[in-house]
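From first to last, the protein sequence lines are chains A and B.
Those letters in the first sequence? Residues 91 to 625, per the numbering used here, in order.
Those letters in the second sequence? Residues 70 to 318, per the numbering used here, in order.
Everything on this sheet refers to the single structure shown next.
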Amino acid sequence: MIEQLKNKKGMISLVLHAHLPFVRHPEHERFLEEAWLFEALSETYLPLLRMFSRLEEDGIPARVTISLSPTLTHMLQDDLLQQRYVDHLAMLLELAEKELDFTASNPEEHKMAQMYHELYSLTLREYEDVYERNILKKFKYFQEHGYLEIITTCATHSFLPHYQNLPEMIRAQILTGVESHDRVFSSQPKGIWLPECGYFPGVEEYLKPFGIEYFMSSAHGLLYSEDRPVNGLYSPVSCPNGVHAFARDRASSRAVWSATDGYPGDPVYRDFYRDLGFDRPLDYIGPYINCGVNRVNTGLKYFAITDKSDNKLIYNPAAAAAKAKEHAALFLDNRIKQCETLGQYMDRTPIIPCPYDAELFGHWWFEGPLFLEALIRKVHEKSDEIALVTPSDYLKVYPQNQVTKPAFSSWGDKGYGQVWLDGANDWIYRHTHKLIERMQELVERFPDEKGLKERTLNQAAREVLLSQASDWPFIMKAGTTVPYARKRIKTHIHNFNYIYDSLSRNTIKTEWLTKLEKKDNIFPFLDYRVFRKDY
Amino acid sequence: MTEERLYSFSYEQLLEISDRGNIQVTPGVDKSTLIGLLLDAFEEDRNEREELNNLAIQMEARKFSISQDEELDLGQDDDLELPLRYNETSATLLLRDPSWVFCFWDLEDKKADEIRNTPGFQGLVLRVVELNSKQYGKDNILDYFDIPIKFSDFRRYVNLPSEDTWYCVEIRALVEEKDYLIIRSNIIETTREYVTASHDNRNSHSDELIRLSGFTAEFGETHGVSGYQEIPQRIIPIHDLLDEEQLND
Numbered sequence: 091m092i093e094q095l096k097n098k099k100g101m102i103s104l105v106l107h108a109h110l111p112f113v114r115h116p117e118h119e120r121f122l123e124e125a126w127l128f129e130a131l132s133e134t135y136l137p138l139l140r141m142f143s144r145l146e147e148d149g150i151p152a153r154v155t156i157s158l159s160p161t162l163t164h165m166l167q168d169d170l171l172q173q174r175y176v177d178h179l180a181m182l183l184e185l186a187e188k189e190l191d192f193t194a195s196n197p198e199e200h201k202m203a204q205m206y207h208e209l210y211s212l213t214l215r216e217y218e219d220v221y222e223r224n225i226l227k228k229f230k231y232f233q234e235h236g237y238l239e240i241i242t243t244c245a246t247h248s249f250l251p252h253y254q255n256l257p258e259m260i261r262a263q264i265l266t267g268v269e270s271h272d273r274v275f276s277s278q279p280k281g282i283w284l285p286e287c288g289y290f291p292g293v294e295e296y297l298k299p300f301g302i303e304y305f306m307s308s309a310h311g312l313l314y315s316e317d318r319p320v321n322g323l324y325s326p327v328s329c330p331n332g333v334h335a336f337a338r339d340r341a342s343s344r345a346v347w348s349a350t351d352g353y354p355g356d357p358v359y360r361d362f363y364r365d366l367g368f369d370r371p372l373d374y375i376g377p378y379i380n381c382g383v384n385r386v387n388t389g390l391k392y393f394a395i396t397d398k399s400d401n402k403l404i405y406n407p408a409a410a411a412a413k414a415k416e417h418a419a420l421f422l423d424n425r426i427k428q429c430e431t432l433g434q435y436m437d438r439t440p441i442i443p444c445p446y447d448a449e450l451f452g453h454w455w456f457e458g459p460l461f462l463e464a465l466i467r468k469v470h471e472k473s474d475e476i477a478l479v480t481p482s483d484y485l486k487v488y489p490q491n492q493v494t495k496p497a498f499s500s501w502g503d504k505g506y507g508q509v510w511l512d513g514a515n516d517w518i519y520r521h522t523h524k525l526i527e528r529m530q531e532l533v534e535r536f537p538d539e540k541g542l543k544e545r546t547l548n549q550a551a552r553e554v555l556l557s558q559a560s561d562w563p564f565i566m567k568a569g570t571t572v573p574y575a576r577k578r579i580k581t582h583i584h585n586f587n588y589i590y591d592s593l594s595r596n597t598i599k600t601e602w603l604t605k606l607e608k609k610d611n612i613f614p615f616l617d618y619r620v621f622r623k624d625y
Numbered sequence: 070m071t072e073e074r075l076y077s078f079s080y081e082q083l084l085e086i087s088d089r090g091n092i093q094v095t096p097g098v099d100k101s102t103l104i105g106l107l108l109d110a111f112e113e114d115r116n117e118r119e120e121l122n123n124l125a126i127q128m129e130a131r132k133f134s135i136s137q138d139e140e141l142d143l144g145q146d147d148d149l150e151l152p153l154r155y156n157e158t159s160a161t162l163l164l165r166d167p168s169w170v171f172c173f174w175d176l177e178d179k180k181a182d183e184i185r186n187t188p189g190f191q192g193l194v195l196r197v198v199e200l201n202s203k204q205y206g207k208d209n210i211l212d213y214f215d216i217p218i219k220f221s222d223f224r225r226y227v228n229l230p231s232e233d234t235w236y237c238v239e240i241r242a243l244v245e246e247k248d249y250l251i252i253r254s255n256i257i258e259t260t261r262e263y264v265t266a267s268h269d270n271r272n273s274h275s276d277e278l279i280r281l282s283g284f285t286a287e288f289g290e291t292h293g294v295s296g297y298q299e300i301p302q303r304i305i306p307i308h309d310l311l312d313e314e315q316l317n318d
């Protein structure tokens, strides 16, 4: 296999990062932000599994890397959220049925209503009967059968560079992420997705003890390394301790990411922004939107992108599917040409790392999974020229790589820490840093507690980790659902401080603690001593 | 935020929304005009965010875009007030990008009173110290500069003069002609925004490969991502980056 890969023109490494923050609100009958998970399930995770099943049926091999974040895997296994997802699908099916009547006099829209009715029926059937509500088993299956390499990320997706002066916290984030992965998939991850590709020199020292072999870096993080990377972005570099950094290729990123000049902006693809939730009369759509008055996306979208005007053409699934195949062929041809060009200057087979947010495929770019499937099939057809590999496959072929230190970087706007540290969100760090300091103080004061006190300390550790999610400062900066993000951070800080004060006064309220444990129930295995200095 | 949604609110609620969004409203303006102003402001804000955020960020944001009403949550988080400070003496430095750091600090009330009452006290400064290593030592100081601060200040962004070096900050009290250290922050290592000239000689084509990676071959010149208005994925025009036949995507 190694010799075969060395003889190719190039290798492509598709790395999909699947992540959502921990959002679970048992205290509310229905909670708007839980829909982030439901939409991703219907539009991305289930379609991806469907894609792998079809490939398997047709005997088409694939090697794709996917990072499934610990917060996401926890939510995917959570009984409450599983039930709520089933309820959510039932609600959408009801809406789709209502739409069948509503659109009866409009054949084009009626076809759309039928499409969604079939899609949600299939989704519900698969979710209940095939996956028995736990799709992670199927991801594990595809890993065991060689289609996937599942990697992890930090416990709550913390942007590590902003905590680099707090080594216990960095270690706690990574250790908890690795442990969560091990418990779900019964295997140690070979790679890690550093949240937001946030790298700072030295982070690799925290990765190595957990057997992590590689991480993904932004392009400039690798190119601005201490020594110039001799192969540019097209082979990884090895940090001095042997952990490898693979960088994101720009041309392939842009082709898929950009809404304007990338594939997803093609006029025939489904328009993400035109949703039934905003198109139907309020009294009609009321039962399917937030509190009957706040218009929200329902997921039923009938129109194609068409152009920038509001006069959209109705979506044509067959035309969109054909276009996705065309784009996949174009993408692959361009990567082969790119490899041919690169090959002239390299003494080894180039690798083109293509990391993407998994939710791009399906959620935002509805045809994304079709594109991926067509790409994988095309690679198989052209397997004498090009191969789909995971980063660890590549490291088996080329274990020795240039040793240097990458530079501080992220994949965020302007390339560093600006997204997670600016006027919209910088207030959080005084508190989150203080929480870590106080958590360490608690570990020193209570080194070996049992019973109620241990439960309390474990919950305190959970609240610390939850307060550090990069999603909340990100949302504050991006400007979507800001009040919720602000409230989440404040709530975790408040919960921790309440525990801290209770422990200081030795007045732990069991009922309050139990309620909080049931609400913020992530990482049930968490041991508060993970914050100990010499853990 | 839809027009329909805005009309469902009372005039007082609309004023509250405009207040929260720092939208200037002429006193006594009628409801329709007020709604028009709010819609314009929301649109402007949304466009600005779209322009400012790069592709990765826009894509991530879409995961969270389930509603167009996110600007409004009248039941906010006001009941969860966090302390403004922790009444302790500390200073922390975070690296934001190659040129900017964010520092936040606090002075314990008792300590602040002591300093304030010191005979000859003239003021506080935030000293930004450049070091030649990650260890603090008088011999390791390369340079420093002072920024006057007040007792009521607790945070600041600071523009750094040098790349690829080490920095810390100190809060110092100026007393008569001398200054005294109150607290020193952690030390941070800044980064570089250029492809270094040093390289392994094994590959004489590295200039070409760097160019094909999307970066200039003019090594040593600062040509980084943070100074660009454009998205970081595309530092130089795509035409310079790829061969003609590769432009089809």
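Glycine included, each C-beta is placed from N, C-alpha and C at the ideal position.
Keep in mind the model is a prediction, meaning the values are calculated, not measured.
Taking 7 Å as the cut-off, is the CB of residue i close to at least one heavy atom of the ligand FMN?
| i | result |
| --- | --- |
| Leu226 of chain A | Judged by which ligands are present, the structure shown has none, so any question about the ligand FMN falls away. |
Could you list which residues in chain A have their beta carbon closer than 8 Å to that of residue i, in chain order?
| i | result |
| --- | --- |
| Pro230 of chain B | Within 8 Å Cβ-Cβ: nothing; Pro230 of chain B doesn't reach chain A, min ~17 Å. |
| Phe220 of chain B | Here the premise fails: no neighbours, minimum Cβ distance about 17 Å. |
Tell me the DSSP bridge mates of residue i?
| i | result |
| --- | --- |
| Cys329 of chain A | Looking at the DSSP assignment, Cys329 of chain A forms no beta bridge with any residue, so it has no partner. |
| Glu258 of chain B | B:Trp235 |
| His334 of chain A | A:Tyr304 and A:Ser328 |
| Ala242 of chain B | B:Leu193 and B:Tyr249 |
| Met101 of chain A | A:Ile441 and A:Ala477 |
| Val154 of chain A | A:Leu238 |
| Val383 of chain A | Answer by DSSP bridge pairing: none, since Val383 of chain A is not bridged. |
| His107 of chain A | A:Ser157 and A:Asp447 |
| Tyr228 of chain B | The question names Tyr, but residue 228 of chain B is Asn in the sequence shown. Bridge partners of Asn228 of chain B: B:Trp169. |
| Leu163 of chain B | B:Phe171 |
| Ser248 of chain A | A:Ala559 |
| Leu403 of chain A | None; Leu403 of chain A has no bridge partner. |
With distances taken from CA atoms, which of the options is nearest residue i?
| i | options | result |
| --- | --- | --- |
| Thr161 of chain A | A:Ser248, A:Ser473, A:Tyr363 and A:Asp624 | A:Ser248 |
| Phe78 of chain B | B:Gln93, B:Thr95, B:Ser101 and B:Leu149 | B:Ser101 |
| Val194 of chain B | B:Tyr205, B:Leu153, B:Lys203 and B:Tyr249 | B:Tyr249 |
| Arg225 of chain B | A:Glu553, A:Pro573, A:Gly513 and A:Tyr488 | A:Gly513 |
| Tyr506 of chain A | B:Asn186, B:Pro167 and B:Glu246 | B:Pro167 |
| Ser87 of chain B | B:Ile104, B:Glu73 and B:Glu72 | B:Ile104 |
| Gly569 of chain A | A:Glu124, A:Phe393, A:His453 and A:Val509 | A:Val509 |
| Asp178 of chain B | B:Ser202, B:Tyr80 and B:Asn186 | B:Asn186 |
| Lys298 of chain A | A:Glu316, A:Pro330, A:Thr388 and A:Asn515 | A:Pro330 |
| Ser154 of chain A | A:Asp219, A:His235, A:Gly367 and A:Phe121 | First, the residue type needs correcting, since residue 154 of chain A is Val and not Ser in the sequence shown. Closest option to Val154 of chain A, Cα to Cα, is A:His235. |
Pop quiz: residue i and residue j are said to be a contact at Cβ under 8 Å. What is the actual Cβ separation, rounded to whole angstroms?
| i | j | result |
| --- | --- | --- |
| Ile565 of chain A | Leu151 of chain B | With a Cβ gap of about 18 Å, Ile565 of chain A and Leu151 of chain B do not count as contacting. |
| His107 of chain A | Pro443 of chain A | About 12 Å separates the two Cβ atoms, so there is no contact after all. |
| Tyr324 of chain A | Leu432 of chain A | 5 Å |
| Ala160 of chain B | Arg253 of chain B | 7 Å |
| Gly281 of chain A | Glu303 of chain A | 6 Å |
Under 7 Å between beta-carbons, which chain A residues line up against residue i? List them in chain order, please.
| i | result |
| --- | --- |
| Gly90 of chain B | Result: empty, since nearest Cβ-Cβ is about 11 Å, beyond 7 Å. |
If you draw a straight line from the alpha carbon of residue i to that of residue j, how long is it in whole angstroms?
| i | j | result |
| --- | --- | --- |
| Glu531 of chain A | Cys237 of chain B | 24 Å |
| Thr193 of chain A | Ala203 of chain A | 7 Å |
| Leu153 of chain B | Asn224 of chain A | 43 Å |
| Pro614 of chain A | Thr246 of chain A | 14 Å |
| Gln94 of chain A | Arg344 of chain A | 29 Å |
| Phe461 of chain A | Asp148 of chain A | 17 Å |
| Ile518 of chain A | Leu420 of chain A | 45 Å |
| Pro377 of chain A | Asp483 of chain A | 50 Å |
| Gly293 of chain B | Gly502 of chain A | Unreliable positioning characterises Gly293 of chain B in this predicted model, as indicated by a pLDDT of 38, which lies under 50. The coordinate reading is nonetheless provided below. Distance between the alpha carbons of Gly293 of chain B and Gly502 of chain A is about 14 Å. |
| Ala408 of chain A | Leu136 of chain A | 20 Å |
| Asp423 of chain A | Ser473 of chain A | 13 Å |
| Pro251 of chain A | Thr439 of chain A | 32 Å |
| Asp169 of chain A | Pro116 of chain A | 11 Å |
Applying a beta-carbon distance threshold of less than 8 Å, which residues of chain B neighbour residue i?
| i | result |
| --- | --- |
| Leu432 of chain A | Leu278 and Leu281 |
List the residues of chain E that residue i touches, going by C-beta distances under 7 Å, in chain order.
| i | result |
| --- | --- |
| His521 of chain A | Absent from the structure: chain E. Protein chains present are A and B. |
Run through chain B and tell me which residues come within less than 7 Å of residue i, C-beta to C-beta.
| i | result |
| --- | --- |
| Phe498 of chain A | Leu164 and Thr260 |
| Ala410 of chain A | None at all; the shortest Cβ gap to chain B is about 18 Å. |
Taking C-beta pairs closer than 9 Å, name the residues in chain B that residue i reaches, listed in chain order.
| i | result |
| --- | --- |
| Ile583 of chain A | Leu149 and Leu151 |
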